[in-house]
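Protein chains in written order, with the working numbering: chain A, 25 to 178; chain B, -4 to 441. To start, the structure under review is shown below, and the notes come after it.
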Amino acid sequence: MARRTSIYELYEYLPKTNCGQCGLSCMGFAGYLLSRDVRPEDCPPLCTDAFEEARQQLGALLGDGVKDPLTGLIVDADRCIGCGICVSVCPVHAANNREVSLGKGPRADDTVVLRIVDGCVQLSSRELCNRAIPSAPPCKACADNCPTDAMELV
Amino acid sequence: MREGAEGVKVRPDVGGQHTGKTGPYGLRNALAGSQTEYHSHVCAGCSCLCDDISLYLEGGRIVRSLNLCRIGVTRLLTITAEKRLPETPFPSLRESVRRALDIFTERGPVVCIGADSLDQAGIVASAELARSLRGVWVPWAFEGMSRFFEHAVRCGWATALLDEIRDRADIVVFWCVDPLVTHHRHLSRYSVFARGRFTERGAADRIVIGVGRDRTPIEPLCGYFFVVGPEKEADFIGAVAASTGARDTLGYKDLPMLLRALDRATYIAVFVDPERLTDAGLAALFEWSLSINRRGEKRMILFPLWTAGANAVGFAQASVDMFGTAWGRGFSEDLEAALRKRTWEALADQVGCVLMIESGPAGPTRRSLPDCLEDKPVVVLTPFKEPPVCRACVVIPTALPGVETEGMFFRADGLPLHAGRVECCTGKGYPRSEDVLDQMLLEVAL
């Protein structure tokens, strides 16, 4: 269910001149856009009037979500419906929630990575996420099972 | 931390960071100052009746919630809205009740719709009022509910608690219903992703099947999804039910794989929205369930998921207890005869006005009046901040059940749960629906 914005989709809207003003080639810049390490505004030619529509398209593809630096999680709050699927599939939740076999959400004092706060998923104890552990296999359970494509892992 | 009333924890000074951000309740989410917490609160936003909700109040207003989905949050936003309801031409409750009763008297008989949004006390009060006015009393889902329970009486009905389905179901079917639209936490709490006793890996231990008129948001989560039109519905169910003899795939290439999966399963849970199925389709589902359960080798549960009225099951229970049928009652011969026709049009021909209880805030749980009742004078009881979708003659604001007032609700599987009151100062003294209905009843008696 993870959103499938690809590097090639983003590259289509770039100037494709490899001018180097950003310090990268256009394909390289597309890669950093995908990982949310740069924004479209970081490309000087893209900020001109000629590329206004392309800039808007890129903004729509990338969304407004902010990447969590430790886990790489981006949440689109407008798409999230608070279904709690991400919470229930998280392996940390399964290990630490005392009521996981009752299908309940985590209590306030449970140590979990994700919580539903005010109807939207939020990171809680992000340092426990498998993606924050360098030696652990990368986990994508939350984003893969999100039914509304509200979560993206970069 | 000191104990407040009834085990409510009052935290004198939580400390923590002042984020400066405001949440959906329009107030800052900072955990500073005195805060009241409610844990294991029951949300009455839909028939899931999630009982793991935590609410944090500051200054008597809700500032934060945990485990609450968008439907529940939208519902709570009602009581934090600055302007709760539009101005009405009848500002006082007494005047509103008088005007409503004038309408019921001059333009009767009245059809009382939507008591399935209330707690049990409100449901009973609405039934008594409809009886005293010799009107008709029905839930929002009356067409589907009458068909479903008539088939249940004819065929027998195998059902189970949601907890059993969570523990045991290895095939889950959503038939013309999509919980991602109407019951957001259903999948994670009960039917698919919850890690049950014998399905410890949650969704990995189940196959999810979707059947709908069109593609719906749940399709990506389904192992198999079938788009079945109403004209093909009964044939499709017949083909699935006669699994060993089926040769005709009816044009569905995944049908043989579905049949193999059903053959291997030991516990099949079928969630259905009876309002959207044809009568023949509903009958075929019941027959299929009966045939599976009679063989004794596996279990098939048929589970209605009503999409309006969090307390639809409570309505059915009260209706059976009071009148012997689950879908309401007509309190005259003509109205009862119209009710037996099981259509809104038949009712509309017999009634002259409407008492409507609003089903929910703007969103998937909100219902509109059927078109055939649009031209009749309407009295609305509503706790929600948005104005009613119909042209209402009288709007009576009420307290939000399960938040501003306590009450008993029945979960989708019939489990009773008590939704407690949250001590918030935004109630502004709105009366309970039950009290408004009782006042009407008193005026009628006088």
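Note that CB positions come from ideal geometry on N, CA and C, so glycine has one too. Note that this is a predicted model, so its numbers are computed, not measured.
Residue nearest to CYS43 of chain B within the set B:PHE266, B:THR338, B:CYS419 and B:LEU330 is B:PHE266 (criterion: CA-CA distance). In this structure, ARG70 of chain B keeps its C-beta atom at 7 Å or more from the C-beta atom of GLY103 of chain B. VAL235 of chain B and ARG289 of chain B have their C-alpha atoms spaced approximately 16 Å apart.
The region 158 to 173 of chain B makes contact with the region 206 to 222 of chain B: 3 or more CB pairs, one atom from each, lie closer than 8 Å. Closest option to TRP301 of chain B, judged by alpha-carbon separation, among B:PRO365, B:PHE143 and B:ALA125: B:PHE143.
Per the Cβ contact rule, the region 60 to 77 of chain A is not in contact with the region 120 to 136 of chain A (fewer than 3 Cβ pairs under 8 Å).
The beta carbon of GLY44 of chain A sits no closer than 7 Å to any beta carbon of chain B. Rounded to the nearest whole angstrom, the C-alpha separation of ALA343 of chain B and ALA189 of chain B is 43 Å. Secondary structure at PHE188 of chain B: coil, using DSSP grouped into helix, strand and coil.
With 16 or more other Cβ atoms from the protein chains shown falling within 10 Å of its own Cβ, GLY143 of chain A counts as buried.
Interface with chain A (7 Å Cβ-Cβ cutoff): VAL439 of chain B is excluded. For TRP283 of chain B, the enclosing alpha helix (DSSP H) starts and ends at 274 to 290. Taking C-beta atoms as the reference points, VAL145 of chain A and CYS110 of chain A count as a pair closer than 7 Å. For HIS179 of chain B, a Cβ of chain A is located within less than 7 Å of the residue's own Cβ.
In the DSSP annotation of this structure, the continuous segment of the beta strand (DSSP E) that includes GLY205 of chain B starts and ends at 202 to 207. A Cβ of chain A is located within less than 7 Å of the beta carbon of ARG190 of chain B. If the five residues before and after ALA156 of chain A are omitted, its C-beta is found closer than 8 Å to the C-beta atoms of LEU94, THR95 and ARG150, all from its own chain and listed in chain order. Straight across, the Cα-Cα distance linking ALA110 of chain B with ILE202 of chain B is about 36 Å. In the DSSP secondary-structure assignment, GLY197 of chain B is not bridged to any residue.
Contact with chain B is found for ASP142 of chain A, since one of that chain's Cβ atoms lies less than 7 Å from the residue's Cβ.
Across the set A:LEU34, A:ALA167 and A:SER159, the C-alpha of A:ALA167 shows the shortest separation from the C-alpha of LEU138 of chain A. The residue among B:LEU216, B:PRO134, B:LEU245 and B:GLY218 with its C-alpha nearest the C-alpha of LYS227 of chain B is B:LEU245. Contact between ARG294 of chain B and TYR247 of chain B does not hold, since the beta-carbon distance rounds to 25 Å and is not under 8 Å. Judged by beta-carbon spacing, CYS348 of chain B lies within the 7 Å limit of PRO372 of chain B, meaning their Cβ atoms are closer than that value. The beta carbon of LEU257 of chain B is closer than 8 Å to those of ILE166, VAL235, SER238 and ILE263 in its chain, skipping five residues each way along the sequence. The beta carbons of VAL68 of chain B and ALA414 of chain B sit no closer together than 7 Å. Residue range 389 to 392 is occupied by the beta strand (DSSP E) that includes PRO392 of chain B, with no alpha helix (DSSP H) assigned at that position. The region 102 to 185 of chain B is shown to contain whole beta strand (DSSP E) runs of 3 or more residues at 105 to 108, 131 to 133 and 166 to 170, in chain order.
The beta carbon of ILE109 of chain A falls within 7 Å of a beta carbon belonging to chain B, placing the residue at that interface. Beta-bridge partners assigned by DSSP to PRO396 of chain B: B:THR400. In the structure shown, PRO411 of chain B falls within a strand segment according to DSSP collapsed to helix, strand and coil. C-alpha of VAL308 of chain B to C-alpha of PHE137 of chain B: approximately 12 Å in a straight line. Here GLU176 of chain A is bridged, per DSSP, to A:ILE98. Assigned with DSSP and collapsed to three states, LEU297 of chain B falls in strand. One finds SER183, PHE188, ALA189 and GLY197 in chain B with Cβ atoms closer than 7 Å to the Cβ of SER112 of chain A, taken in chain order. The region 105 to 119 of chain B makes contact with the region 392 to 403 of chain B, as at least three CB pairs between them are under 8 Å.
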